[in-house]
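Below is one structure, written out as structure tokens; the observations come after it.
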Amino acid sequence: MIWNPIKECMPEEQKRELQGKRLHKLVDYVYHNVPFYRKKMQELDLEPGDIQTIDDIVKLPFTTKQDLRDNYPFGLQAAPQSEIIRIHASTGTTGNPTIVGYTRKDIDVWSECMSRCLTAYGVSRNDIFSVAYGYGLFTGGLGVHYGVENLGATVVPTSTGGTQKHAKLLKDLGITALACTPSYALHLAEVIEQMGITKEELKLRVGAFGAEPWTENMRQEIQQRLGLKGYNIYGLSEIMGPCVSYECECQDGSHINEDHFYPEIIDPATLQPLERGKDGELVFTTLTKTGMPVLRYRTRDLCSLLPGDCPCGRTFVRMSSIKGRSDDMLIIRGINVFPSQVESVLLGIPECAPYYRLIVDRKNNLDILTVQVEARQEYLAQGVDTLAPITALERKVADRLKSVLSISALVQIKMPGSLERFEGKAKIVTDNRKLV
Amino acid sequence: MIQQVSVFMENRPGVLGAVLDILKQADIQLYAISIADTSDYGICRIICDRPADASKALMAAGVASALSDVCAVELANTPGAAADMVSLFAREGLSLAYLYTFLYKEKPVMVFRTDDAAKAKNILESGGLCCFQWN
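Chains Z and B are the protein sequences, given in the same order.
Each residue of the first sequence is one higher than the last, beginning at 1 in the numbering used here.
Each residue of the second sequence is one higher than the last, beginning at 437 in the numbering used here.
Below, the structure is given as structure tokens:
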């Protein structure tokens, strides 16, 4: 089934014309409402009139996560505060989260795009849908929630945590569809098995999984253990949230809601656009957003746009799975973690030396972050003759990290001088998760 | 009270050897060494002839070490001596963080740490035991 065939199956020429019109309108809107964009365009000697077709997009300046941070909290907001009806935020690296304000129109577009995703997964108004993304500042919970309501299915806002209760509800309510991170789906499968519930007792048939990288092997395992068919969903709060792209029944890449989010692939080193099929950094322009629109936002996600038509009939371009990041951001249990966040926590603890490592593993289908840090020699020389001060320091570091990162980390205190020193670029992060 | 050198150590091959080698270079005579096994790391505790020099040599080599005063008691070299001493503490509700022994001039010496060193001393003396002193 296709939710909006007029848009999703729009002929290429017509689509590009619509994108061009919307881009022109967007540029005119941000030029007159966001001083940041006006200044950037003036520096490039650009006026809104210079942008007429979608091909003109390459003339526009890029926007980065740093720009969003520099303009915290409302500097990039284009609509007046009275028009903003909701705010979401993503985790910040150095204290400031990224704030995104949505107008009623934005929420409507989000719900529409989300309904397209859900319909492509085969969800209909007859489904009972459990949203097990976190509700709150994170876009996952409320984003999917509104889409499910818009579609007319029954939404069960289970959110994260309380996995045993969730498992019971899946069985008792006959829940048929589920949205969560792929790693949480596997954790849920484990809890269900431990509780002695078999997949035959469940009515699950569709899963929408995203917010972290996952592999074909994980998909097979989730499908086998939960007895459902798993689909990819992609999104990011700076652009909207989950709904930016979605898999159809062909499961060969994820269709981008191109009438609202215009994708480009660039070479992250030269910033030059790359041709279709080539791997590079994904860049989005929000063609219709009014709350906090962005021009050519650099997602730092590495992927390609797939050439050729999809047999499902949708003409929206497909993106490949995410192959990595062009910066050092880690996604751990769906949460963005920057090594610089960890560093700022460690530097604030006088017992710790500024030498540390981050190690990411996936054990029993859950991401585990281990932070190793050297204790300062002066601290140990103060009379550490039992392990109690060491375990207390571990707990202190773990507590501080938890409050800043919003996820738990395993902390290991190391001897002074024991971590390898690097000349030049240090290898701070080891990611042992196999995602290929 | 006697002085103990303690070293925070990670549990991997070569670490203990490196520490002992530093002490060897500094011509330190060891009397006792105690390491409890934990998975990732542990504390190595050392009684030696020149604890201040030992600690200085370790610190100079970049090994974090601490000097601390610990209780030590001389026991009779007879069966049951340790049991009698420990039960004195148990009766008074004083717990031990760690304990190890060594022989000094044929006499057994028990080294231990409690939360309350003064109370420990009183208990030992009222039990007819004497605190160990170098002689």
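Every residue, glycine too, gets a C-beta built ideally from N, C-alpha and C.
CB contact check: Ala496(B) to chain Z, cutoff 8 angstroms: Here the question's residue 496(B) lines up with position 60 in the second sequence. Judged by the 8 angstroms Cβ criterion, Ala496(B) is not in contact with chain Z.
Gly253(Z) vs Arg333(Z) beta-carbon contact at 8 angstroms: As a first step, residue 253(Z) is located in the first sequence; it is residue number 253 there, counting from the start. As a first step, residue 333(Z) is located in the first sequence; it is residue number 333 there, counting from the start. For Gly253(Z) and Arg333(Z), no; Cβs fall outside 8 angstroms.
C-beta contact flag for Ile192(Z) and Ala167(Z) at 8 angstroms: Within the first sequence, numbered from 1, the residue matching residue 192(Z) stands at position 192. Within the first sequence, numbered from 1, the residue matching residue 167(Z) stands at position 167. In contact: Ile192(Z) and Ala167(Z) (Cβ atoms closer than 8 angstroms).
Under 8 angstroms between C-beta atoms of Phe261(Z) and Leu287(Z): Here residue 261(Z) corresponds to residue number 261 of the first sequence, with the count starting at 1. Here residue 287(Z) corresponds to residue number 287 of the first sequence, with the count starting at 1. Yes; because the gap between Cβ atoms is below 8 angstroms, this pair is in contact.
Top-ranked residue by Cα proximity to Leu488(Z), from Pro35(Z), Asp127(Z), Glu83(Z) and Met41(Z): The requested residue 488(Z) does not occur in the structure, where chain Z is confined to residues 1 to 436.
Chain A contact residues for Ala500(B), given Cβ-Cβ distances below 9 angstroms: As a matter of chain content, chain A is missing from the structure shown, whose protein chains are Z and B.
Neighbourhood of Tyr355(Z) by C-beta, 6 angstroms cutoff - its chain only, sequence neighbours within 5 removed: Counting from 1 along the first sequence, the entry for residue 355(Z) is found at position 355. Sequence-distant partners of Tyr355(Z) (beyond 5 residues in either direction) whose C-beta falls short of 6 angstroms from its own C-beta, in its chain, are Glu374 and Leu419.
Paired residues, beta bridge with His88(Z) - DSSP: Sequence index remark: in the first sequence, residue 88(Z) carries index 88 (1-based). Partner(s): Val100(Z).
CA-to-CA distance, Ile54(Z) to Leu46(Z), given in whole angstroms: As a working note, residue 46(Z) is residue 46 in the first sequence. As a working note, residue 54(Z) is residue 54 in the first sequence. About 15 angstroms.
Strand pairing of Ile471(B), partner residues [DSSP]: Mapped onto the second sequence, residue 471(B) falls at position 35. Partner(s): Cys480(B).
Proximal residues to Met292(Z) (C-beta, below 7 angstroms), its chain only, five neighbours per side dropped: Sequence index remark: in the first sequence, residue 292(Z) carries index 292 (1-based). Excluding positions up to five away in sequence, the list reads Leu76, Gln77, Ala78, Val100 and Gly101.
Between the CA atoms of Thr430(Z) and Ser562(B) - distance to the nearest angstrom: Within the second sequence, residue 562(B) is the residue found at index 126, counting from 1. Within the first sequence, residue 430(Z) is the residue found at index 430, counting from 1. Looking at the two C-alpha atoms, the distance is approximately 58 angstroms.
Lys59(Z) beta carbon less than 8 angstroms from that of Asp67(Z): Position 67 of the first sequence, counted from the start, is the residue given in the question as residue 67(Z). Position 59 of the first sequence, counted from the start, is the residue given in the question as residue 59(Z). The Cβ atoms of Asp67(Z) and Lys59(Z) lie no closer than 8 angstroms to each other.
Pair within 8 angstroms by beta-carbon distance, Ala177(Z) and Val244(Z): Taking the first residue of the first sequence as 1, we reach residue 177(Z) at position 177. Taking the first residue of the first sequence as 1, we reach residue 244(Z) at position 244. Going by C-beta atoms, Ala177(Z) is not nearer than 8 angstroms to Val244(Z).
Closer than 8 angstroms to chain B by CB, Leu387(Z): As a working note, residue 387(Z) is residue 387 in the first sequence. Chain B, which has a Cβ nearer than 8 angstroms to the Cβ of Leu387(Z), makes this yes.
Under 9 angstroms by beta carbon: chain B residues contacting Val390(Z): Taking the first residue of the first sequence as 1, we reach residue 390(Z) at position 390. The sequence shown places Ile at residue 390(Z), rather than the Val named in the question. In chain order: Phe444, Tyr477 and Ile479.
Whole-angstrom distance between Leu511(B) and Ala553(B), CA atom to CA atom: Sequence index remark: in the second sequence, residue 553(B) carries index 117 (1-based). Sequence index remark: in the second sequence, residue 511(B) carries index 75 (1-based). Roughly 18 angstroms separates the two Cα atoms.
Three-way DSSP call (helix, strand, coil) for Met329(Z) in this model: Counting from one through the first sequence, the residue named residue 329(Z) turns up at place 329. Coil.
Within-8 angstroms CB hit, Ala519(B) to chain Z: For the purposes of this step, residue 519(B) is identified with residue 83 of the second sequence, where counting begins at 1. Chain Z contact via Cβ: absent.
Contact with chain B by Gln412(Z), beta-carbon distance below 8 angstroms: In the first sequence, counting from the first residue as 1, residue 412(Z) sits at position 412. At least one chain B Cβ lies under 8 angstroms of Gln412(Z).
Sheet register partners of Ala232(Z) (DSSP bridge): Numbered from its first residue, the first sequence carries residue 232(Z) at position 232. Residue identity check: residue 232(Z) is Asn in the sequence provided, not Ala. BP columns for Asn232(Z) point to Phe209(Z).
Own chain, CB closer than 7 angstroms to Ile197(Z), minus 5 neighbours either side, in chain order: The residue labelled residue 197(Z) in the question sits at position 197 within the first sequence. The answer, listed in chain order, is Ala167 and Lys171.
Alpha helix (DSSP H) segment containing Thr139(Z), residue limits: Residue numbering aside, residue 139(Z) sits at position 139 when the first sequence is read from its first letter. Looking at the DSSP string, the run of the alpha helix (DSSP H) that includes Thr139(Z) is Thr139 to Leu151.
Chain Z residues whose Cβ lies nearer than 7 angstroms to that of Gln440(B): Within the second sequence, residue 440(B) is the residue found at index 4, counting from 1. In chain order: Asp385.
C-alpha gap between Lys15(Z) and Gln194(Z), whole angstroms: By 1-based counting over the first sequence, the position of residue 15(Z) is 15. By 1-based counting over the first sequence, the position of residue 194(Z) is 194. So the two alpha carbons sit approximately 50 angstroms from each other.
Helix, strand or coil at Leu419(Z) according to DSSP, with G and I counted as helix: As a working mapping, residue 419(Z) is identified with position 419 in the first sequence. Coil, per DSSP.
Whole-number beta carbon distance between Ile479(B) and Ser442(B), since they are thought to touch under 8 angstroms: Taking the second sequence and counting its residues from 1, the one referred to as residue 442(B) is at position 6. Taking the second sequence and counting its residues from 1, the one referred to as residue 479(B) is at position 43. With 8 angstroms as the limit, Ser442(B) and Ile479(B) qualify as a contact, their Cβ atoms being about 5 angstroms apart.
Cys113(Z) vs Asn257(Z) beta-carbon contact at 8 angstroms: On the first sequence, residue 113(Z) is found 113 positions in, with the first residue counted as 1. On the first sequence, residue 257(Z) is found 257 positions in, with the first residue counted as 1. Closer than 8 angstroms, so yes.
Reduced DSSP secondary structure (H/G/I, E/B, other) of Ile2(Z): As a first step, residue 2(Z) must be located in the first sequence, where it is residue number 2. It is coil, neither helix nor strand.
Simplified DSSP state of Glu8(Z), which is helix, strand or coil: In the first sequence, counting from the first residue as 1, residue 8(Z) sits at position 8. Here Glu8(Z) sits in helix by DSSP.
Contact test: Asn257(Z) Cβ vs the ligand ADP heavy atom, cutoff 7 angstroms: With respect to small molecules bound, the structure shown includes none, and the ligand ADP cannot be examined in it.
Neighbourhood of Thr119(Z) by C-beta distance below 8 angstroms, restricted to the same chain and skipping five residues each side: The residue you call residue 119(Z) lines up with position 119 of the first sequence. These residues qualify, in order along the chain: Met1, Ile2, Trp3 and Leu151.
Supposed close pair Val485(Z), Pro48(Z) - CB separation, criterion 8 angstroms: In this structure chain Z extends from 1 to 436, so residue 485(Z) is not present and cannot be described.
Residue span of the beta strand (DSSP E) that contains Tyr135(Z), given as start and end: Looking up residue 135(Z) in the first sequence gives position 135. Premise fails: Tyr135(Z) is in no beta strand (DSSP E) and is neither H nor E.
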